[in-house]
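**Student:** Pasting a structure here, questions to come.
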Amino acid sequence: MPITEALSALEKKVCADIAAQRDGLVNELAQWVAIPTGFNNTQGLDELRGIVTQRLEALGARTSLMPGDPRPAWLGEGRMVSDNVPPLAVCRHEAKCGLPKVLIAGHLDTVFDPRGKFREMTVSPDGKTGNGPGVVDMKGGILIAITALEAIADAGIDLPWTFTFNSDEETGSFHSDSALRAEAKKHEIGLAVEPGLPGGGLAIARKGSGQFLIDIRGRSAHAGRAFFEGVSAVYALGQVLTKLHDLSDATREISVNVGPLKGGEATNIVPDHAALWGNARYPANELGDEVGRAIDALATPAGTLPEVTVHRVFSRPAKPEIPATRALAEQIRALARDMGEELAFASTGGVCDGNNLQDAGLPTIDTLGVRGGDLHKTSEWIELDSLVDRAQLFACLMLRLHGAN
Numbered sequence: 019m020p021i022t023e024a025l026s027a028l029e030k031k032v033c034a035d036i037a038a039q040r041d042g043l044v045n046e047l048a049q050w051v052a053i054p055t056g057f058n059n060t061q062g063l064d065e066l067r068g069i070v071t072q073r074l075e076a077l078g079a080r081t082s083l084m085p086g087d088p089r090p091a092w093l094g095e096g097r098m099v100s101d102n103v104p105p106l107a108v109c110r111h112e113a114k115c116g117l118p119k120v121l122i123a124g125h126l127d128t129v130f131d132p133r134g135k136f137r138e139m140t141v142s143p144d145g146k147t148g149n150g151p152g153v154v155d156m157k158g159g160i161l162i163a164i165t166a167l168e169a170i171a172d173a174g175i176d177l178p179w180t181f182t183f184n185s186d187e188e189t190g191s192f193h194s195d196s197a198l199r200a201e202a203k204k205h206e207i208g209l210a211v212e213p214g215l216p217g218g219g220l221a222i223a224r225k226g227s228g229q230f231l232i233d234i235r236g237r238s239a240h241a242g243r244a245f246f247e248g249v250s251a252v253y254a255l256g257q258v259l260t261k262l263h264d265l266s267d268a269t270r271e272i273s274v275n276v277g278p279l280k281g282g283e284a285t286n287i288v289p290d291h292a293a294l295w296g297n298a299r300y301p302a303n304e305l306g307d308e309v310g311r312a313i314d315a316l317a318t319p320a321g322t323l324p325e326v327t328v329h330r331v332f333s334r335p336a337k338p339e340i341p342a343t344r345a346l347a348e349q350i351r352a353l354a355r356d357m358g359e360e361l362a363f364a365s366t367g368g369v370c371d372g373n374n375l376q377d378a379g380l381p382t383i384d385t386l387g388v389r390g391g392d393l394h395k396t397s398e399w400i401e402l403d404s405l406v407d408r409a410q411l412f413a414c415l416m417l418r419l420h421g422a423n
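Numbered as in this note's numbering, the sequence shown ends at 423 without a single skipped number.
Quick look at the structure:
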């Protein structure tokens, strides 16, 4: 990002300091990416949490570890899911000018199996991009925020802030949500380092998200000798599927996705059990309530066959554009212009901790991380130059939010 005359002398100094670290940032990101932090891999999560908290403690922050709540067991989608989620780390840095008003949120976990082959970052031959698990979502984002805070401190500026690190964002933040909401109520501004939208843009609104399980019990029977004595849970599942399909409504931006599915053991047995897991997205919480009621209505009375049981939790509230968030986004856009970049605004169907922070009353912009793409895929990539210019943007934003520029 060019250093323009619109920046103050302090901002120019901080930006120059960050620019000089480009190669070191790439190398450090590669080291972080090599630490497997997916699928609740406690050892890797503990290692990375130790690295980032030590960096912030070197700036004078104090770290507290906050225990959390268990996630619903049925959310495992047929897999065994451990409740032994590492605690939320809260790094608080107080300064002479007062208590922190800015809450920075990051997550250490990724979606990738730590036992898989996708475990390291590789750099393209031209040195412009990197490919690896979590390079943008969100190890790159955490790295640029810490780099920004270090550059501010190196310039002799003492700012207050709080930085949180959870280990269960990719699975819904059930463990850390209550502690994050408590932190939200202590602050005035939320900044999260999820990846920027395509081109580096900012999300100013997000859909809400809800998870559900529909479990169906029937009666088993031999498919040839006693077919009509059985009650097929799979056929009942099919009827439920068509009703779920009809809940999606493009005009109202409501989507209901289903998968995975489970049911049946053999073709000569009437299946007595079937299940499906699904996800709903909605632009407003009232619409989420409407979808939730429709899903609840699929349940049947206990003891009837087929017996349909519904489990659901709509834990990511919609994050609509509100005046305070818009004002914060405009402030970031004005800063980016001073740095020679134009930031677009957009809404997205993706969800993150920013949904919950804003629902708790904290105006939050949550796409201040690096530029890249293909999140949650083995083709996940980062634009390596964004390690520098997004760190510069974050640093200057922190200075301006505190009137220290």
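For glycine and all other residues, C-beta sits at the position ideal for the given N, C-alpha and C.
Because the structure is a prediction, the values reported are computed rather than measured.
Is it buried or exposed, THR322, if we count other Cβ atoms within 10 angstroms and call 16 or more buried?
**Tutor:** Looking at its Cβ environment, which holds fewer than 16 other Cβ atoms inside 10 Å, THR322 is exposed.
**Student:** What whole-angstrom Cβ distance do LEU63 and MET139 have, given they're in contact under 8 Å?
**Tutor:** No, LEU63 and MET139 are not in contact; Cβ-Cβ is about 18 Å, not under 8 Å.
**Student:** Just the Cα atoms here: how many angstroms apart are GLY367 and GLY218?
**Tutor:** Approximately 17 Å between the Cα atoms of the pair.
**Student:** Residues in its own chain within less than 6 Å of VAL99 by CB, not counting five upstream and five downstream?
**Tutor:** In this prediction, VAL99 has a pLDDT of 49, which is less than 50 and means its spatial position is unreliable; nothing more can be read from the coordinates.
**Student:** DSSP on ASN286, reduced to helix/strand/coil?
**Tutor:** Looking at ASN286 - three-state DSSP - the assignment turns out to be coil, as it is neither helix nor strand.
**Student:** Please name the residue or residues paired with HIS111 in a DSSP beta bridge.
**Tutor:** TRP179.
**Student:** Taking only the alpha-carbon atoms, compute the straight-line gap between PHE183 and ARG243 and give it to the nearest angstrom.
**Tutor:** When rounded, the distance between both Cα atoms is 59 Å.
**Student:** Between the region 288-300 and the region 236-254, do three or more beta carbon pairs fall short of 8 Å?
**Tutor:** Touching, per the Cβ criterion.
**Student:** Please work out which residues of its chain come closer than 7 Å, Cβ to Cβ, to ASP131, disregarding the five sequence neighbours upstream and downstream, and give them in chain order.
**Tutor:** Once the five neighbours on either side are set aside, the close Cβ partners of ASP131 are GLY56 and PHE57.
**Student:** Give the DSSP-derived three-state secondary structure of MET416 in the structure shown.
**Tutor:** Three-state result, MET416: helix.
**Student:** Go to SER196, then tell me how far its alpha helix (DSSP H) extends in each direction, as first and last residue.
**Tutor:** Segment 195-202, the alpha helix (DSSP H) holding SER196.
**Student:** Using only the alpha-carbon positions, how far apart do ALA221 and LYS280 sit?
**Tutor:** Each residue's Cα considered, the two are about 36 Å apart.
**Student:** Considering only DSSP beta bridges, list what TRP295 is partnered with.
**Tutor:** Answer is LEU231.
**Student:** Would you give the residue range spanned by the beta strand (DSSP E) that HIS329 belongs to?
**Tutor:** Its beta strand (DSSP E) spans residues 325-334.
**Student:** In whole angstroms, what is the alpha-carbon distance linking ASP306 and LEU255?
**Tutor:** It should be pointed out that residue 306 corresponds to Gly in this sequence rather than to Asp. So the alpha carbons of these two residues sit roughly 23 Å apart.
**Student:** So for PHE363, helix, strand or coil by DSSP?
**Tutor:** PHE363: strand per DSSP, three-state reduction.
**Student:** Per the contact definition of three or more C-beta pairs closer than 8 Å, is the region 381-397 in contact with the region 139-155?
**Tutor:** Segments in contact, yes.
**Student:** Distance check for VAL252 and THR382, CA to CA, integer angstroms please.
**Tutor:** Between THR382 and VAL252, the C-alpha separation is close to 44 Å.
**Student:** Can you tell me whether DSSP reads GLY150 as helix, strand or coil?
**Tutor:** Coil at GLY150, not helix or strand.
**Student:** Tell me which residues share the same chain as THR128 and place their Cβ nearer than 6 Å to its Cβ, disregarding the 5 neighbours each side in the sequence.
**Tutor:** So the list reads THR55, GLY56, PRO151 and GLY152, once near-sequence residues are dropped.
**Student:** Which residues in the same chain as ALA24 place their Cβ atom closer than 8 Å to its Cβ, once the five residues preceding and following it in sequence are excluded?
**Tutor:** Result list for ALA24: ARG355, ASP356 and MET357, in chain order.
**Student:** Using a threshold of 9 Å, state whether the C-beta atoms of LEU262 and GLY226 are closer than that.
**Tutor:** Their beta carbons are not under 9 Å apart, which means LEU262 does not touch GLY226 by this criterion.
**Student:** Mapping DSSP to helix, strand and coil, what is PRO216?
**Tutor:** Of the three classes helix, strand and coil, the one that applies to PRO216 here is helix, per DSSP.
**Student:** CA-CA distance, SER194 and GLU308?
**Tutor:** Computed Cα separation, rounded: 27 Å.
**Student:** Quick check on the DSSP output: the beta strand (DSSP E) that includes GLY124 runs from which residue to which?
**Tutor:** First-last of the beta strand (DSSP E) with GLY124: 120-125.
**Student:** Assuming ALA302 and ALA352 make a contact with CB atoms under 8 Å, what is their CB distance in whole Å?
**Tutor:** Going by Cβ atoms, the distance from ALA302 to ALA352 rounds to 29 Å, so no, they are not a contact pair.
**Student:** Let's test the definition: count the other Cβ atoms within 10 Å of the Cβ of ASN45 and tell me whether it reaches 16, buried, or not, exposed.
**Tutor:** It is exposed - the Cβ of ASN45 has fewer than 16 other Cβ atoms within 10 Å.
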